[in-house]
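First up is the structure itself, then whatever we jot down about it.
Chains as they are written, first to last, in my numbering: chain A, 52 to 247; chain B, 11 to 136.
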């Protein structure tokens, strides 16, 4: 390649590398180097074999490709971020349920298994309601987490009751576990039949 | 047990994805080779720029249609920094299904003698 064209190739490659900085970070990291290589090869091809008009056409083509793919990758990245929004459901739902539990705790002065059952049930309902309101497209995941939280609490309660030889919490925990399994199984069957 | 994804679920493909898969059917290629062969296969009608090509490859990698190859066909003759891509089993099934779908569409066009008809003169009213 003659020195004048080599200089043009370097300038064009440099300009293209600057354009690559506008792409989302992950895309740049993943493919930026190869895109720069591909651009350099294409530009060398055009500068060596093409006429002046071909160079202009190539520059317009690259500009159009850059603008279009930049928009597309930006949209994809935004979608990916929005898809993760449902993870925020978990702390929000737990906080709301915990606040509800505090309010109920202030209202109920006498401790009884029935009041615990009512509180846990209400917490699960609030958790699912908040979860589905925040992430309607992830209601299955929210329900799965809610059942997991309820069953985890029940297992702890049953375990502590059994360790302390206290039949009240142990029975309560066992009932909750049975209830959790009873809630989980039909939901699981429904998911299976939907995906079949 | 892993479930095999259904090829039809990914149809129809965009022209860029279809042509990239078609090129990779012949063996693994790097980005520049894919770009050149797509332009050749489509008679220059489809020219992929770096952004479109690597955007498509990123989505195809995520969908499991292609994967990256660790092997280099000839390290002596090739740039070590290039990445090579190869078609997966799912990619082969998908490109076959898409080619079948297009063949059906072309057969329907032929049955209506679309290719025998003269194109309407430009500016003619319907």
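Glycine residues also receive a C-beta, built at the ideal position from the N, C-alpha and C atoms.
For residue 99 of chain B, the uninterrupted alpha helix (DSSP H) run begins and ends at 99–121, by DSSP. Distance from the CA of residue 71 of chain B to the CA of residue 31 of chain B, rounded to the nearest whole angstrom, comes to 12 Å.
Across the stretch 104–126 of chain A, CB contacts with chain B closer than 8 Å involve 112, 113, 115, 116, 117, 119, 120, 121, 123 and 124, in sequence order along the chain. Within the stretch 98–128 of chain B, contact with chain A at the beta-carbon level (separation under 9 Å) is assigned to no residue. Within chain B, no residue has its beta carbon less than 7 Å from that of residue 72 of chain A; the closest one is some 13 Å off.
Residue 60 of chain B belongs to the set of residues whose beta carbon lies under 7 Å from a beta carbon in chain A.
Pairing residue 20 of chain B with residue 104 of chain B gives a Cβ-Cβ distance under 7 Å.
By the criterion of at least three beta-carbon pairs nearer than 8 Å, the stretch 117–131 of chain A is in contact with the stretch 60–69 of chain B. Just measuring C-alpha positions, the residue of A/207, A/85, A/69 and A/98 sitting nearest residue 114 of chain A is A/69. With three or more CB-CB distances shorter than 8 Å, the stretch 24–42 of chain B counts as touching the stretch 90–99 of chain B.
Put simply, of A/119, A/209, A/103 and A/104 the residue whose alpha carbon is nearest the alpha carbon of residue 229 of chain A is A/209.
Taking a beta-carbon distance threshold of 7 Å, residue 41 of chain B counts as an interface residue toward chain A.
The three-state secondary structure of residue 53 of chain B, taken from DSSP, is coil. Bounds of the beta strand (DSSP E) holding residue 77 of chain B are 76–79. In the DSSP assignment, residue 112 of chain A is bridged to no other residue. In this structure, residue 107 of chain B lies away from residue 51 of chain B, with their beta-carbon atoms at least 7 Å apart.
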